[in-house]
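Going by the numbering used here, the letters in the sequence shown line up with residues 654 to 762, in that order. The C-beta atom is built at its ideal place from N, Cα and C for all residues, glycine as well. Before any comments, here is the structure.
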Amino acid sequence: GLPWLLAKGFDTSCPCGDFIDKNEINLSSSVNLWLSVNGTMRQSGHTRDMIFSVPDIIAFISKYITLEHGDLILTGTPAGVGSVKRGDQIEAGINGENDLKYTMKFNIT
């Protein structure tokens with residue numbers, strides 16, 4: 654419901670980058686998730702701080718829903734949620750073990 658329906662669901666919302674193969678990341682270890690707006694870090698958190706682990710989330714969902722290649726599981730976000738406006742530049746990424754680093758950049762239009 655409101656306000657999150659309109660705040661999170663709008664044209665071009667939920668941009669996604671390339672998929673990272675599950676063999677490239679150890680879901681049992683902690684992965685850092687981060688986001689900056691206009692060069693200022695707004696969010697940074699680790700999967701180890703989630704209420705449920707990623708493997709547990711996948712196992713739970715799989716009891717009820719068949720997960721297929723390309724499915725997304727949206728779990729929430731680290732502290733620091735805030736609004737963005739037209740013209741903002743957003744950079745988000747993950748850092749994991751074995752020097753895994755993935756970054757995506759986009760502009761709010």
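Expected contact under 8 Å - CB spacing of residue i and residue j to nearest Å
i: Asn691; j: Ile747; result: Not confirmed; about 20 Å, so no contact.
Spatial neighbours of residue i in its chain, beta-carbon cut-off 6 Å, leaving aside the 5 residues before and after
i: Lys758; result: Glu744
i: Ile711; result: none
i: Asn760; result: Gln742
Close Cβ partners of residue i (< 7 Å) along its chain, the five nearest in sequence each way excluded
i: Arg695; result: Leu688, Ser689, Gly733, Gly735
i: Ser697; result: Asn685, Trp687, Pro731
Which listed residue (the options) has its alpha carbon closest to that of residue i
i: Ile678; options: Pro656, Leu725, Val737, Lys754; result: Lys754
i: Thr634; options: Pro668, Ser682, Thr762, Asp671; result: A question about residue 634 goes unanswered here, because the residues of the chain that appear run from 654 up to 762.
i: Phe705; options: Leu720, Leu727, His722; result: Leu727
i: Thr762; options: Lys738, Leu680, Thr756, Ile714; result: Lys738
i: Leu725; options: Lys716, Ala660, Asp671; result: Asp671
i: Met703; options: Asp674, Leu680, Cys667; result: Leu680
i: Gly723; options: Cys669, Gly740, Thr693, Gly729; result: Cys669
Residue i - partner residues in DSSP beta bridges
i: His699; result: Asn685
i: Glu744; result: Ser689, Lys758
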